[in-house]
Structure formats: structure tokens, C-alpha cells
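Okay, structure first, notes after.
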Amino acid sequence: MIFLRCFCFLFIEEERLLRANDRPFNLSYQYANNAIKTSKYNVFTFLPLNLFEQFRRLANAYFLFLLILQLIPQISSLSWFTTAVPLILVLSITAVKDASDDINRYKCDKQVNNRTVDVLIDGQLKKEKWMNVQVGDVIKLENNQFVTADLLLLSSSEPLNLVYVETAELDGETNLKVKQALTYTGEMGNNIEVLSSFNGEVRCEPPNNRLDKFKGTLTVNGEVHSLDNDKVLLRGCTVRNTDWCFGLVIFGGPDTKLMQNSGKTVFKRTSIDHLLNVLVLCIFAFLATMCTILAIGNAIWETKEGSVFHVFVPLEPGINAALSSFLSFWSYVIVLNTVVPISLYVSVEIIRLGNSFFIDWDRKMYYSKNDTPAQARTTTLNEELGQIKYIFSDKTGTLTQNIMAFNKCSINGKAYGELYDFTGQRVEITEKTERLDFSWNQLADPKFIFHDHSLMETVREGNPEAQAFFRLLALCHTVMPEEKTEDLPLSSLLGELNYQAQSPDEGALVTAARNFGFVFRSRTPESITVMEMGTKVVYDLVAILDFNNVRKRMSVIVRSPEGKLTLYCKGADTIIYERLHPSCDKLMEVTTRHLNEYAGDGLRTLVLAYKELDESYLKEWRQRHHEASIALDGREERLDQIYEDIEKDLILLGATAVEDKLQDGVPQTIEQLAKADMKIWVLTGDKQETAENIGYSCNMLREEMSEVFIVAANTAQGVKEELQNARRKMSPDSAEEPSVVRARAGLFWLEKTETLQDEKVDGDYALIINGHSLAFALEKELQLELLRTACMCQTVICCRVTPLQKAQVVQLVKKYKQAITLAIGDGANDVSMIKAAHIGVGISGQEGMQAVLSSDFSFAQFRYLQRLLLVHGRWSYLRMCKFLRYFFFKNFTFALLNFWYAFFCGFSAQSVYDEWFITLYNTVYTALPVLGLSIFDQV
Numbered sequence: 001m002i003f004l005r006c007f008c009f010l011f012i013e014e015e016r017l018l019r020a021n022d023r024p025f026n027l028s029y030q031y032a033n034n035a036i037k038t039s040k041y042n043v044f045t046f047l048p049l050n051l052f053e054q055f056r057r058l059a060n061a062y063f064l065f066l067l068i069l070q071l072i073p074q075i076s077s078l079s080w081f082t083t084a085v086p087l088i089l090v091l092s093i094t095a096v097k098d099a100s101d102d103i104n105r106y107k108c109d110k111q112v113n114n115r116t117v118d119v120l121i122d123g124q125l126k127k128e129k130w131m132n133v134q135v136g137d138v139i140k141l142e143n144n145q146f147v148t149a150d151l152l153l154l155s156s157s158e159p160l161n162l163v164y165v166e167t168a169e170l171d172g173e174t175n176l177k178v179k180q181a182l183t184y185t186g187e188m189g190n191n192i193e194v195l196s197s198f199n200g201e202v203r204c205e206p207p208n209n210r211l212d213k214f215k216g217t218l219t220v221n222g223e224v225h226s227l228d229n230d231k232v233l234l235r236g237c238t239v240r241n242t243d244w245c246f247g248l249v250i251f252g253g254p255d256t257k258l259m260q261n262s263g264k265t266v267f268k269r270t271s272i273d274h275l276l277n278v279l280v281l282c283i284f285a286f287l288a289t290m291c292t293i294l295a296i297g298n299a300i301w302e303t304k305e306g307s308v309f310h311v312f313v314p315l316e317p318g319i320n321a322a323l324s325s326f327l328s329f330w331s332y333v334i335v336l337n338t339v340v341p342i343s344l345y346v347s348v349e350i351i352r353l354g355n356s357f358f359i360d361w362d363r364k365m366y367y368s369k370n371d372t373p374a375q376a377r378t379t380t381l382n383e384e385l386g387q388i389k390y391i392f393s394d395k396t397g398t399l400t401q402n403i404m405a406f407n408k409c410s411i412n413g414k415a416y417g418e419l420y421d422f423t424g425q426r427v428e429i430t431e432k433t434e435r436l437d438f439s440w441n442q443l444a445d446p447k448f449i450f451h452d453h454s455l456m457e458t459v460r461e462g463n464p465e466a467q468a469f470f471r472l473l474a475l476c477h478t479v480m481p482e483e484k485t486e487d488l489p490l491s492s493l494l495g496e497l498n499y500q501a502q503s504p505d506e507g508a509l510v511t512a513a514r515n516f517g518f519v520f521r522s523r524t525p526e527s528i529t530v531m532e533m534g535t536k537v538v539y540d541l542v543a544i545l546d547f548n549n550v551r552k553r554m555s556v557i558v559r560s561p562e563g564k565l566t567l568y569c570k571g572a573d574t575i576i577y578e579r580l581h582p583s584c585d586k587l588m589e590v591t592t593r594h595l596n597e598y599a600g601d602g603l604r605t606l607v608l609a610y611k612e613l614d615e616s617y618l619k620e621w622r623q624r625h626h627e628a629s630i631a632l633d634g635r636e637e638r639l640d641q642i643y644e645d646i647e648k649d650l651i652l653l654g655a656t657a658v659e660d661k662l663q664d665g666v667p668q669t670i671e672q673l674a675k676a677d678m679k680i681w682v683l684t685g686d687k688q689e690t691a692e693n694i695g696y697s698c699n700m701l702r703e704e705m706s707e708v709f710i711v712a713a714n715t716a717q718g719v720k721e722e723l724q725n726a727r728r729k730m731s732p733d734s735a736e737e738p739s740v741v742r743a744r745a746g747l748f749w750l751e752k753t754e755t756l757q758d759e760k761v762d763g764d765y766a767l768i769i770n771g772h773s774l775a776f777a778l779e780k781e782l783q784l785e786l787l788r789t790a791c792m793c794q795t796v797i798c799c800r801v802t803p804l805q806k807a808q809v810v811q812l813v814k815k816y817k818q819a820i821t822l823a824i825g826d827g828a829n830d831v832s833m834i835k836a837a838h839i840g841v842g843i844s845g846q847e848g849m850q851a852v853l854s855s856d857f858s859f860a861q862f863r864y865l866q867r868l869l870l871v872h873g874r875w876s877y878l879r880m881c882k883f884l885r886y887f888f889f890k891n892f893t894f895a896l897l898n899f900w901y902a903f904f905c906g907f908s909a910q911s912v913y914d915e916w917f918i919t920l921y922n923t924v925y926t927a928l929p930v931l932g933l934s935i936f937d938q939v
């Protein structure tokens, strides 16, 4: 069986096929069971495996070699314990730490594997340990219970077979998510007899680490049903607000998405690590040189003076000057061994751990509003914080608060949100300005603030465009409502209505629609209920066309009670404008003018549009949509094309403008980082005008700058010309071709490097580039021109960029500038950038915890970056540099005295020191002073 299991994994699983309630069928594929094992050792393998791992370190292997040499009487002039004690001490400390960590992992594994769950076996629910659950088993979960494995949801106790899950253990997000079973399987309910006879076949993707995607199909009685991420419960989630649910195990144990995401982070090494490796090799070379010199000295001594001393020390038979020189070489390797630092790596780890604790304990980086301390999630990168040259930052939620407030809007060519006096002059809105009275709307949010009375009047007068505008906001979203009705009269109408929004933008827009009379009340997979000006209206939900970072838009198709079919769409202006009907050209010009004004105020904008559909076209479109949704290969591409087919010839309704204020201390932080000669690049998905305005607000762009260059060409040639023109203005004498120095670096100089040389520039400049221009600039032919021009600027802002482009920009700087980079962000779209940089910093904000989970350091506010870099980073780097100097100084001082003494003892490999002094020098006498300086020094 073990051989078969190993043999099966010689092949890569390309597709998973399983059958419900059929263990023999599923076992034939040798899928992993639900047991997990994160521990590395057991009682028998710990000693050999741990020693093998430790002796893979060059210093440990070297000292083992020395110990063997010391057992040869002809070579060693020192006792074996002078090397054995320090070596055993270092090995023991590391082994105890490794054993402790592994015991904790073992206990956690055992605790998890021994949890019990109800499994449907032989027509009955039986308690089984998690470790014994198999792929294809049907299991029952109850409220507040952890999800055992990755499951296909079959049925639940809730209406419409909904299940509410909390995914905090999986992705860090605390808001509840909704999953829904297929209607077909939901009809089985909790009927054990029906569930035990269920024999559906699931065909799906192989195990992978994508938490937000799942592709598969369920075949029952020849009928094929599409499966996606909304129908799957992942291990690591917790069932909430649901009495019971049944699920079919798809992936177990190591194949679950939770375990697939464990330990996959790329190990980041610091420049100090690379330096240490080179230094240790240089020390070996230095040691070999000293031993060679002393061995030659021994040969000369034995030839000229050695015979004089044979009266006192008889010469052993067969020993001549050449052999004596050879033995002397190895004897001096032993005597001078302290020049090679046996405790170097252990000391470095202790120092890094101590500096990480200082970051965790820093009260000046603690955010009391949401009880969030700073956290060093990686302990090996502290000193790298003191060498940062380039900072790449997201805007929304990183520089800004990501707490959105509906501020202004444009409906059918008319702008709302400003106030004017009787002379037509704009009035500044302050906290004392009279707010709109929403008392007529019993479901209004009392915290919502708006001042323009004309918008209220337009909506209440029944203006069709204004009502369609807010109807779209109430229908086109993924918000979930929560209504608290305890102790309230007329609770069905006046309950406290709260919205759970995954995006703060959506929450702000739905709340705006709510206050202006279009109250989103509830949703099911088939319908959306809205209170329209006090009247309850239930819309059939025909389809949801999801938002993603590539589409940059979201649409819903609904059927009104009168049978009218409408597609509502909202998204980025550039995306929606490409899909408008030609009849909207004039309205588009007016709306664009309003959008530019909003962006100039630093507001986040969206464009709204709609389209009426006929029944026959929709029927044909839904058929194509179903075929694409059940495809396993190319599903996403096919769905995108089908979405494109229906999202065209849209009618423009207007635009929204949402305010997102700067975080406290952002301008001051950016100013201080700029003074420290760090270059700051902002990579944002917002439009150019919004990003530009925020740039001025936070001191990245300043009026006194020599010039701000804008690159917005739509062709590769145009982008090249704009970049070259900007470069020539900054440096008229710069060469046309970039100066790239090619060299070798790293261990044994095997690593090839290409470095783009810095160019001198008089004055401060900034560069702003759009996403479509950036796509051309990142092509191989233009990327050096982009980098050359951008690096001459103090500030760079990239607008309308995708997550992939963010990572590409970071990688470009890493490749050609050989500088230390830092990326900071707060959302899932920043993860690729954070992983690409040398240092990744996550901000725990309003967009979940994906960025934090992928980061090396995390905190709650951007302003803490200043203290992280300029205080902790500087201290850590200076401490590590002082440690290395101190450490090598004491070792060289100790060893060179023996080198000097060799010239006075006939090169006989005698030591100046007592053997126990040699033994304890590094581990006792000099250990604490070095560590104390390296952990507590603040100069």
C-alpha cells in the first residue's frame, strides 16, 4: 500500500474525481486522508535528522572536522574538549530549540487530528476522528463547529440552504461570509436515508492554494451542475448562525487549501546574510594562509634548528622536516580555530529575536482605537529595515483611512453635493453646516451626512433618472444586511439595519441609497428586496457578473415585479465609457467634467450605467453562461467573454464620488522619509486626478517642484517619447543609451548582476504614469527607459495599475538598482507587491488581513513606518554592524596572539592559553558583552 501511494505521487494530479458515499472507489485513487502532520521528527529520527541539518552549516561541519583532528596525537597539541565543548553547546542549544518547536507542533497535530465529527457511515451518523475522515465522506457540521476538511456544501438548516462562515483563521477577515448549496442537493435536507443513498460524482481542480477560487462540476443522474467557490466550505472556517449543515469531503488533510497555503512563503535573506557567508569563506582562506605560513616556518625551523632540540625532545622515527611541516599545518588549524566563529549564527539569531521583541513591544507603534500593536512577523529581516532605498506604497487604506463617505454625485448631467449662496457663489461646508433631515425615512442611517437639499427634492419629486441612480446602488453590490429587532416595536419595519460590506466603497454607496429612499433590506440567491420610497419591491436576481481587478466593474441582471429585465453596471470610468451607447456621448462629456472636479478634490469615483434586456436574448445568453460555468478548462476566460457580450451599449446614469480622508501623520511621515533619502513610489488603482490630488495632500507632490511629468500615451512609441522627453528635461546631457554595469556577486561570485547607474539631476521632479501607459513601459524594450526616468524623480505615482503591475514595478527596481526595497499595503491586491519586495509591510485596515498575513512586519497606521525604519531599522542595522566588528575583533585578537607566539616557540603548535580558557572564551567569557551591546545599544 505504501509503495502504491508513493508510486501514485510520481504523477501530478491534473483533475480530481470522487464519488459520494463510495470509499472503495475513492480509495482506488489514493487520495490523502484528513490527518495532518506538521512536525518534522519522531523519537527515533530526531537525533540523526537534527544533527544532519545542523552539520549542513559550514561552521558546524568545520568544527566537527577539527574535533576529529584533535583525536590524532601526532597533530593535536590541545585536548579534545577545547573544541568539543563549544560545539556540543551550540548543537545542544539549537537541538533543544528545534525539539521544543517540534513537540509543540506534534501536540497541535494530535489535538486537531483527534477532534471528532459526525460522519455518515452505513446509513448512520457516527463519531469519527478527523484523521479518519476520507475523501467522499458525507459529514454533518453544527453551529460554531470548525470545518473538518474542504467540503462541497450539500444542505443546511437555513432558508435557501445558506450557511454563514467565519474565515478569520483562514484569511484574517472577521466579517461573515455566505455559502449556498445547490438547489438540487439542498432538497435532501437532513434526511439521513436520502443523504446516505446520494452518489453524485464530483470532478474538480486538483489541490491548490487559491483560497478565492474553485472550479468543478457535480454530476447526478446524468445532470451536470456547476460548482464554484460559493458552494465550498474550506478547512479553517467556523460555521456561524447555522444550526446544521451537511457537506461532501473534496480535499482532506495536506490537500486542503489551508494546508496548501502553509509554509509556502519564499524565504527572504538579508544582505547581512550574504555578507556573513562571504566573510566566513574569507576567514577560512585567511586561516589557511596563516597555517600555511606557520607550516613553512616549521619546515625551515626543523631543517635549520630542529636538531639542536632533539637532546630534550627525541625525534620520533620516520619524522622529517616535510612531514613535520604537514602535521604542523593541521595542528595550527586546531590552535587557530577560534578565528572561525562557531557561535556566530546562533548569536545573530538571538540579536534578531531581541530586536523583533522591541518592535512588538513599542508602545509608540500601538494603535489603541482597534487595539493593534506593531508586529514583527519575520525575525530575520530587522537590519534590512535600516537600508531601505525605495518604498512602494498603495494609496487606499494605506495613505488614506479607507473609511468611505458618500460625498457628491452626478446624475444625468447635473452635479449634486455642493452648496451655493443666493449670488451663486460656492459655500464651504463645515461641521456647523446644516445637514439634510432624513426623518421622513424611518430606515435612514442616522450617521449618514449630506448637505445638498436639491438632491433630496429631485428624488422625492420622482425624477426617473435620480430614482434609477439610487435603485442601481441598492441592487448592484455584494453587501449582506443584518437587522437587529430585539425590544423594538414594529420590528419588521423599524429594526436596526446594519450592512456587512467586504468593500468600504460598497457600504458607503448602499448607505447613500438607503438614506435617499432606496433601502436594501434583504437578499437571497434568487432575489433582492428593496424598500423604494416606502414601498416593498422584490426583484428576481437573474445573474451576478462579479467584480475583479481585471474587469474593474460589476453588474447584476434583475427582473422587476412587472417583468422588466434590466442590467445594472458600475465600475471605473475608463472601463464603463468603452461600453456606452453612442447616444450617451454628450452626457459623457458633462459627466467627465464632473469626474475631473471630483478627482481634483481627491474623491474616489465610479460610473453607473444600465441596459434594458429582452427575454429571448437573455435566455440564449444564460444558456451560454451555464455552458461556460461548468467548463473546467478556461472557465474564467469564457465567462469574461460572455460578460463582455452583454455589457455593451449601456446607457449612462451618472457618477458617484466617495471621500476617503488621509490618515493622521501621513504628510509628516513622507517628509521625514524623503529627508532620509528614500524614494517613494505610489502604486494605486485610482484614476490619475485622484492620485495626483492625494499626492499634493501628503507632500509627495509639492508646488515648488521643478516639474511634474505625466505619461499617458496609448502606444508604445508614444510612451517612449514621453519618457525620453522627461529624462532630457531633467538631465539635458544624459546619454541616449542607459549605463548598465554587469558584474558578479554573491557566494563564489556565481550570481550575475546588472545595475543601472544613478544619474545626477538638479532639482526635484515627479513622474505620474497611467496603467495603460505602464503596460507598454514594462515591456522588455522600454523597461530600462522607464526605470531610468523614474529613478531620476523624487516621487513616482502609478495610476490605474493592476496587482500584477505592482509586483512587476517592484521586481524591475530590485533587478536593476541593487537597492533594498519595501512595499506597504493593506488589501489583497497588494499581496503580490508585498511578496516581491525585500521587505513587505501590511497595514491591518478595512480590507481584511490578506496583506498582513503575507507581510514581514505589520501595524495599523502608515505613520508608524517612520519609526519602524528610522528608529528600529537604524538601530538594528547599527547594532548588527557593531556586533560583527566586535565579534571578529575578539576572535582575531585571540587567534593572532597564537600566530605571533608561533615565531617564539619554534612553530611547534603550542598555545599561549590554558585549555579551559580556550574552551570557555567564546561561549562564556565574551558572549554576554557582545550580545548586550548588540541588543541594547541605542547610539
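The sequence shown maps to residues 1 to 939 in the working numbering.
All C-beta atoms in this analysis are idealised placements derived from N, C-alpha and C, irrespective of residue type, glycine included.
Being a predicted model, the structure only gives us computed values, none of them experimental.
Item                                                                                                                                                                   : Value
Would F198 be called buried (16 or more neighbouring beta carbons within 10 Å of its own) or exposed?                                                                  : buried
Let me check understanding here. Comparing Cα to Cα, which of C476, R879, V530 lies closest to L497?                                                                   : V530
A466 lies in the alpha helix (DSSP H); which residues open and close that run?                                                                                         : 464-475
Return the chain-ordered list of same chain residues with a C-beta closer than 8 Å to the C-beta of W244, the five sequence neighbours on each side being excluded.    : K140, L141, E142, N143, S156, S157, N190
My parser needs the beta strand (DSSP E) runs of 3 or more residues fully inside the stretch 581-620; what are they?                                                   : 604-613
Give me the Cα-Cα distance between V519 and V510, rounded to the nearest whole angstrom.                                                                               : 8 Å
Under three-state DSSP, which class holds V112?                                                                                                                        : helix
Hey, which unbroken runs of the beta strand (DSSP E) at 3 residues or more fall wholly within the stretch 13-79?                                                       : 16-19
What residue does the alpha helix (DSSP H) around N298 start on, and which one ends it?                                                                                : 271-304
Evaluate L897 with the Cβ neighbour count: other Cβ atoms within 10 Å of its Cβ, from every protein chain shown; 16 or more gives buried, anything less gives exposed. : exposed
Terminal residues of the continuous beta strand (DSSP E) containing D150?                                                                                              : 150-156
Just tell me which of E722, L58, L27 has its CA closest to the CA of V280.                                                                                             : L58
Which residues mark the beginning and the end of the alpha helix (DSSP H) in which R879 is found?                                                                      : 874-902
Report yes if the C-beta distance between F246 and L154 is below 7 Å; otherwise report no.                                                                             : yes
Would you report the Cα separation of K395 and E779, rounded to the nearest angstrom?                                                                                  : 25 Å
Please report how far the alpha carbon of I768 lies from the alpha carbon of K720, in whole angstroms.                                                                 : 14 Å
The beta strand (DSSP E) with E128 in it runs from where to where?                                                                                                     : 124-129
Would the beta-carbon of L603 fall within 7 Å of that of N407?                                                                                                         : yes
Below 7 Å CB to CB, which residues in the same chain sit around S855 once its five sequence neighbours on both sides are set aside?                                    : R377, I834, G840, V841, G842
Indicate the three-state DSSP secondary structure (helix, strand or coil) for A790 in the structure shown.                                                             : helix
Is P86 buried or exposed, if buried means 16 or more other CB atoms sit within 10 Å of its CB?                                                                         : buried
So, is H453 buried or exposed, given that buried needs 16 or more other C-beta atoms within 10 angstroms?                                                              : exposed
What is the DSSP secondary structure of K944, counted as helix, strand or coil?                                                                                        : Any answer about residue 944 is impossible in this case: the structure gives the chain only from 1 up to 939.
In chain order, what residues of the same chain have a beta carbon less than 7 Å from the beta carbon of F936, not counting five sequence neighbours either side?      : none
Suppose you measure from the CA of W875 to the CA of S858; what does that come to, to the nearest Å?                                                                   : 18 Å
Within its chain, find whatever has a CB closer than 8 Å to the CB of F887; leave out the 5 residues flanking it on each side and keep chain order.                    : P341, L344, S347, V930
Across the stretch 555-565 and the stretch 467-480, are there enough close Cβ pairs to call them in contact, namely three or more that are closer than 8 Å?            : yes
Buried or exposed, going by whether 16 or more other CB atoms sit within 10 Å of the CB of G600?                                                                       : exposed
Between which two residues does the alpha helix (DSSP H) holding W916 run?                                                                                             : 915-920
Output the distance between the C-alpha atoms of E486 and Y416, rounded to the nearest integer angstrom.                                                               : With a pLDDT of 49 at E486, under the threshold of 50, the predicted position of this residue should be treated as unreliable, and no value is reported.
Looking only at its chain, what residues have a beta carbon closer than 8 Å to the beta carbon of I670, apart from the 5 residues adjacent to it on each side?         : I680, C698, N699, M700
Taking the beta strand (DSSP E) that W361 belongs to, which residues open and close that run?                                                                          : Careful: W361 lies outside any beta strand (DSSP E), inside the alpha helix (DSSP H) at 344-361.
In terms of residue numbering, what span does the alpha helix (DSSP H) encompassing H453 cover?                                                                        : 453-460
So, does the stretch 317-333 touch the stretch 815-823, judging by three or more C-beta pairs under 8 Å?                                                               : no
Run through DSSP, which three-state label would F392 get?                                                                                                              : strand
Closest by CA to C204, which one among S196, D212, L211, T217?                                                                                                         : T217
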